[in-house]
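Read the structure below first, then the notes.
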Amino acid sequence: MVTSDVQRDTIRQCLKAVREYTNHGNDFILVGGAGGILSGSNRTTSDMDLLLAAHVDPHQFQEQILCINGFSAPGGFLTFHGPVSMTIDFLKSTVLEKTYEDIAEHTFQDNGVALLNPDVALAIKLHCYHRRADDENGVRKKKSDFEDIV
1138 MVTSDVQRDT
1148 IRQCLKAVRE
1158 YTNHGNDFIL
1168 VGGAGGILSG
1178 SNRTTSDMDL
1188 LLAAHVDPHQ
1198 FQEQILCING
1208 FSAPGGFLTF
1218 HGPVSMTIDF
1228 LKSTVLEKTY
1238 EDIAEHTFQD
1248 NGVALLNPDV
1258 ALAIKLHCYH
1268 RRADDENGVR
1278 KKKSDFEDIV
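So the sequence shown is residues 1138 to 1287, counted in our numbering.
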């Protein structure tokens, strides 16, 4: 089983490469489960969610990233192949419809990576929890949200 420590190493390696070899290395905030892992959570996740600044074109950013060793896009899904493989998703807004520009002042830096301040991350997670659908996937995600919250 993949541990959060292995994922933490994977996330750091991935984002270090993105910061060093693209034009937009500081134009995103790591949100979601991967952000939680870098903030110390012991949860695991299958992807990294990058909230992009308004001026960043996701398609051009992906093309830059695909030129870096260790990245590919099987089936169109941008993937980093490090200690474990993780997909990378680009977001232009959070579940609260907040953009990079809206929340950039509510972040802190961890080894050059912008992460949400814990209170903002918690507010977003609580909002997600209450918006989940009542179907099987929604119930599963709601359980995961609850684990993250407590």
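Where a beta carbon is used, it is the ideal one built from N, C-alpha and C, also for glycine.
Model, not experiment: these values are computed from the prediction.
Contact check, residue i vs residue j, beta carbons under 7 Å
i                  : j               : result
alanine 1289       : isoleucine 1166 : The shown model of the chain, from 1138 to 1287, leaves out residue 1289, and the question about it has no answer.
threonine 1181     : glutamine 1150  : no
phenylalanine 1198 : histidine 1161  : yes
threonine 1224     : aspartate 1184  : yes
aspartate 1186     : aspartate 1226  : yes
Cut-off 7 Å between Cβ atoms - residues of its own chain near residue i, not counting five sequence neighbours on either side
i                  : result
phenylalanine 1245 : Leu1252 and Asn1254
leucine 1188       : Phe1165, Ile1166, Val1168, Leu1228, Thr1231 and Tyr1237
isoleucine 1174    : Ser1141, Gln1144, Arg1145, Ile1148, Arg1180 and Thr1182
glycine 1249       : Arg1156
glycine 1170       : Arg1180 and Thr1182
Sheet register partners of residue i (DSSP bridge)
i              : result
histidine 1218 : Ser1222
leucine 1228   : Leu1188
Contact set for residue i: own chain, Cβ-Cβ below 6 Å, skip 5 residues either direction
i             : result
tyrosine 1158 : Ile1205
leucine 1152  : Val1250
Whole-angstrom distance between residue j and residue i, CA atom to CA atom
i               : j                  : result
asparagine 1272 : phenylalanine 1214 : Rather than asparagine, the amino acid found at residue 1272 in this sequence is aspartate. Distance between the alpha carbons of aspartate 1272 and phenylalanine 1214: 25 Å.
arginine 1268   : alanine 1258       : 15 Å
leucine 1233    : isoleucine 1261    : 7 Å
alanine 1191    : alanine 1241       : 12 Å
histidine 1243  : arginine 1277      : 29 Å
lysine 1235     : valine 1139        : 31 Å
alanine 1210    : aspartate 1239     : 30 Å
serine 1176     : glycine 1212       : 30 Å
glycine 1172    : histidine 1196     : 22 Å
Cβ neighbours of residue i in the same chain (closer than 8 Å, five flanking residues each side left out)
i               : result
glutamine 1201  : Tyr1158, Thr1159, Asn1160 and His1161
glycine 1219    : Asp1146, Thr1147, Gln1150, Cys1151 and Gly1207
asparagine 1163 : Arg1156, Gly1249 and Ala1251
aspartate 1247  : Leu1175 and Ser1176
valine 1221     : Val1139, Val1143, Gln1144 and Thr1147
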